[in-house]
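Structure first, commentary second.
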Amino acid sequence: MKPIYSRIVATGGYLPERILSNRDLEQMVETSDAWIFARTGIRSRHIAAPGEKTVDMAEAAARQALADAGLNAADLDLIIVATTTPDQIFPSTACLLQARLGNRGAPAFDIQAVCTGFIYALATADRFIRSGGARHALVVGVESMSHIVDWTDRGTCILFGDGAGAVVLSAGDQPGIISTHIHADGAYADLLQVPGGETRIAMQGNAVFRVAVRTLGEIVQETLAANALTPAEIDWLVPHQANIRIIEATADKLGLPMERVVTTVEHHGNTSAASVPLALDEAARRGCFQPRQRLLLEAFGGGFTWGSALLRWG
Ligand code: COA
684 MKPIYSRIVA TGGYLPERIL SNRDLEQMVE TSDAWIFART GIRSRHIAAP GEKTVDMAEA
744 AARQALADAG LNAADLDLII VATTTPDQIF PSTACLLQAR LGNRGAPAFD IQAVCTGFIY
804 ALATADRFIR SGGARHALVV GVESMSHIVD WTDRGTCILF GDGAGAVVLS AGDQPGIIST
864 HIHADGAYAD LLQVPGGETR IAMQGNAVFR VAVRTLGEIV QETLAANALT PAEIDWLVPH
924 QANIRIIEAT ADKLGLPMER VVTTVEHHGN TSAASVPLAL DEAARRGCFQ PRQRLLLEAF
984 GGGFTWGSAL LRWG
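Note that our numbering has the sequence shown beginning at 684, numbered continuously upward.
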């Protein structure tokens with residue numbers, strides 16, 4: 684029997700209309716545009732409008748990806764949503780999205796791996812497709828981080844933004860997704876969390892920074908080694924957009940020039956599970972990726988969780 688692979692056939696993205704700049708933040712907490720930009724590379728982020736829900740953003744990104752794929756919602760036989768900021772405890776955001784799109788019967792579920800959520804969801808959908816369990820999967824990363832940010836904490840409120848990104852994965856006879864690698868270590872739970880009974884992010888930024896740089900360096904090396912590739916054979920790095928200094932450190936370890944790294948952090952901030960699919964969508968729409976180029980996606984987040992996906996574009 685011929686092997687089945689999964690392949691990204693379309694992307695979609697959505698960013699809320701309202702932009703919150705560093706200058707705006709200067710009015711809210713003791714900070715400055717210069718400090719934020721120098722430490723994070725962020726100038727502005729998008730914030731959901733009052734009443735705008737996580738599922739609204741997911742729907743906008745999903746509809747764009749479906750239209751680009753030339754598929755109807757009824758064609759989907761798997762829906763996975765990566766989010767840490769669902770509108771409700773249940774039903775899952777994936778089920779709410781399924782109803783909005785008008786799909787009935789496909790399995791639909793959420794994955795919660797914070798900023799690594801999209802990579803976890805992609806890895807899961809890839810396994811469904813490879814094993815013959817699905818032919819067309821919708822994978823969405825969406826976050827309303829503004830709902831869980833402590834807007835009085837200058838150490839965290841400057842970092843996060845809202846948005847959604849989506850991909851449609853379809854079965855094919857060649858990769859597509861070459862390999863995925865996902866990990867977690869709950870021993871680090873205290874460094875980045877929304878503590879039990881609370882609704883706001885608490886973070887030890889400096890410690891998170893150090894572990895993120897080390898771990899992302901390791902995951903990209905693991906991905907290259909698993910596929911017997913050298914960094915020179917990677918065409919694009921599509922990293923989680925948490926902080927430009929973390930992105931530069933990973934690119935540096937790979938020896939990749941920044942011209943081959945997709946960065947959206949300056950205008951998106953950290954949109955957690957939405958950051959990688961949004962970066963992918965933005966770069967794809969700019970025409971950055973050529974057919975069959977190799978892309979390396981990576982992310983790191985609360986848990987800690989981390990992961991990567993190596994794929995061929997188009
Ligand atoms: N504006 C001005 N000063 C600020 C500030 C802000 N927004 N936030 C913190 N500071 C101050 C601190 O109070 C501290 O002052 P002190 O020396 O007088 O105590 C000083 O800046 C240095 O703080 P520190 O936390 O060591 O700064 P840093 O260089 O580590 O930068 C982060 C802080 C949050 C930008 C950085 O740690 C980071 O990006 N960490 C990773 C976070 C992340 O990506 N999380 C998500 C992972 S998916």
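For every residue, glycine included, the Cβ atom is placed at its ideal position computed from N, Cα and C.
Since this is a predicted model, take the numbers as computed values, not measurements.
- Proximity to residue 993 across 802, 761 and 707 peaks at 802, based on C-alpha coordinates.
- At least one heavy atom of ligand 1 lies closer than 7 Å to the C-beta of residue 892.
- The shortest CA-to-CA distance from residue 710 to any of 867, 840, 739 and 886 is the one to 840.
- Looking at the DSSP output, residue 845 sits in a beta bridge with 827.
- Shortest gap from the CB of residue 778 to any heavy atom of ligand 1: 7 Å or more.
- With a minimum length of 3 residues, the unbroken runs of beta strand (DSSP E) contained wholly in the stretch 913-939 fall at 919-922.
- Within 10 angstroms of the beta-carbon of residue 747 lie 16 or more other beta-carbons, which makes it buried.
- Taking residue 876 as the centre and dropping the five residues before and after it, the same chain places the C-beta of 885 and 985 closer than 7 Å to its C-beta, in chain order.
- From the listed residues 700, 820 and 836, the smallest Cα separation to residue 713 is found for 836.
- Shortest gap from the CB of residue 723 to any heavy atom of ligand 1: under 7 Å.
- Taking C-beta atoms under 8 Å as the contact rule, residue 890 and residue 874 qualify, at a distance of about 5 Å.
- For the pair residue 996 and residue 978, the Cα-to-Cα distance works out to about 7 Å.
- Comparing C-alpha distances from residue 940 to each of 692, 947 and 915 shows the shortest one belongs to 915.
- Residue 793 is bridged by DSSP to 764.
- In the three-state reduction of the DSSP assignment, residue 977 falls in the strand class.
- Each residue's CA atom was taken as its position, placing residue 847 and residue 793 some 14 Å apart.
- Each of 765, 863 and 844 was checked against the Cα of residue 908, and the nearest Cα belongs to 863.
- For residue 871, no beta strand (DSSP E) segment is defined, and its DSSP state is neither H nor E.
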